[in-house]
Amino acid sequence: MKKWIVFFLILSCLAGLAACSANDTNLAKPQEEESPEAYKVEIADNYPIRNTLKSAYAAGEQVTIKLDTITEHYYKVYVNGVELAMDTAASDLTYSYYSFTMPEEDVLIEIEDVSVDIPGGTTFVVDIWDREEEERLPCDEAIELFWEDDTTEYYFSCIKSQYVIVMDNTGRTVDVVSALREGLITIADLDHYGIEYFTQPKDGNGAVEQPDNAGPGDVIDDVQLLEIPA
1 MKKWIVFFLI
11 LSCLAGLAAC
21 SANDTNLAKP
31 QEEESPEAYK
41 VEIADNYPIR
51 NTLKSAYAAG
61 EQVTIKLDTI
71 TEHYYKVYVN
81 GVELAMDTAA
91 SDLTYSYYSF
101 TMPEEDVLIE
111 IEDVSVDIPG
121 GTTFVVDIWD
131 REEEERLPCD
141 EAIELFWEDD
151 TTEYYFSCIK
161 SQYVIVMDNT
171 GRTVDVVSAL
181 REGLITIADL
191 DHYGIEYFTQ
201 PKDGNGAVEQ
211 PDNAGPGDVI
221 DDVQLLEIPA
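So the sequence shown is numbered by my numbering: it starts at 1 and just counts up by one.
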């Protein structure tokens with residue numbers, strides 16, 4: 001009889017130890033964080049969005065839509081029927097951006113392509129390229145002043161203004177100096193199309209700030225300064 005009592009006591013202890021061990025295991029197991037709920041994004045039709053959107057976003061997550069910037073048309077972007085404003089600070093002549101914060105619901109993105117009537121006779125730049133860079137044309141080693149305004153003078157690193165070509169929407173091509181003079185482009189257009197140049201500020205009298213002991217026509221950094229013809 002005593003043997004049976006001892007046997008049952010041993011079983012009870014073993015059961016208690018197993019329960020304690022299980023509890024310890026549960027306590028030691030890291031608590032899994034719940035993932036925020038994701039909501040679906042659907043794009044109506046097959047519009048040419050230039051970036052890849054995820055199929056779902058968490059509420060509060062930023063969603064950005066990247067579209068081409070085009071002159072003859074413009075886009076209206078709607079999220080669940082509400083029109084988005086274009087992000088003008090991020091947009092440029094190449095791409096337009098529209099952003100929104102993901103709500104706590106699925107969204108439908110719709111994009112409307114709206115035509116713009118361009119008045120007859122209107123011209124605008126469609127391309128600028130540097131033949132000296134693209135075709136490896138010879139370029140005399142002299143700094144060329146190709147443009148100036150009230151505060152700044154703009155230079156090419158060699159004599160190549162005749163090689164920097166501007167095309168307008170009619171297909172007409174002119175060199176960069178002619179395009180600047182007639183107002184077809186601005187310096188900002190050169191930045192947009194990746195045309196390299198450098199600048200030098202003017203002093204209070206409108207003259208170029210030259211290095212010490214250098215005068216007009218003197219060699220600057222081992223190249224000759226060439227001014228733009230009047």
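Backbone N, C-alpha and C define an ideal beta-carbon position, used for all residues, glycine too.
It should be emphasised that the depicted structure is a prediction, and the values quoted were computed from it without experimental measurement.
Buried or exposed (CB count within 10 angstroms, at least 16 for buried), residue i
i      : result
Val82  : exposed
Lys40  : exposed
Leu67  : buried
Glu144 : buried
Val6   : Because the pLDDT at Val6 is just 44, under 50, the model does not fix this residue reliably, and the point stays unresolved.
Asp203 : exposed
Thr25  : A caution first: Thr25 carries a pLDDT of 45, below 50, which makes its placement in the model unreliable, though a value can still be read off. That one is exposed.
Leu108 : exposed
Val114 : exposed
Phe198 : exposed
Ala179 : buried
Asp42  : In the sequence as presented, Asp is not what sits at residue 42; that position holds Glu. The residue is exposed, with fewer than 16 neighbouring Cβ atoms inside 10 Å.
Glu132 : buried
Val79  : buried
Asp191 : exposed
Ala22  : Because Ala22 sits at a pLDDT of 45, beneath the cut-off of 50, its placement in the model cannot be relied upon, and the point is left open.
Leu17  : For Leu17, the predicted structure reports a pLDDT of 49, less than 50, and the residue's modelled location is therefore unreliable. The matter cannot be settled from this model.
Asp150 : exposed
Phe146 : buried
Glu231 : The question about residue 231 has no answer, for the chain in this structure spans 1 to 230.
Ser55  : exposed
Ala207 : In this prediction, Ala207 has a pLDDT of 46, which is less than 50 and means its spatial position is unreliable; nothing more can be read from the coordinates.
Val267 : Residue 267 lies beyond the stretch modelled for the chain, which goes from 1 to 230, so this question has no answer here.
Those residues which DSSP pairs with residue i across a bridge
i      : result
Lys40  : Ala56
Leu108 : Glu42
Thr199 : Tyr154
Ser99  : Thr64
Tyr163 : According to DSSP, Tyr163 bridges with nothing at all.
Val79  : Val82, Ile109
Asp127 : Met167
Thr173 : Met167
Tyr74  : Val114
Opening and closing residue of the beta strand (DSSP E) in which residue i lies
i      : result
Ala142 : 142 to 148
Residue range of the unbroken alpha helix (DSSP H) whose run includes residue i
i      : result
Ile187 : 187 to 192
Arg181 : 176 to 181
The ligand ADP heavy atom lying under 7 Å from the CB of residue i
i      : result
Ile187 : No copy of the ligand ADP appears in this structure; indeed no ligand is present at all.
Cβ of residue i within 8 Å of any chain C Cβ
i      : result
Ile159 : The chain inventory of the structure shown lacks chain C, comprising one protein chain alone.
Contact between the stretch 132 to 140 and the stretch 96 to 110 (3+ Cβ pairs under 8 Å): no
Segment contact, 8 Å Cβ cut-off, at least three pairs: the stretch 174 to 187 with the stretch 153 to 166: yes
The stretch 49 to 62 contacting the stretch 82 to 91, beta-carbon criterion three pairs below 8 Å: no
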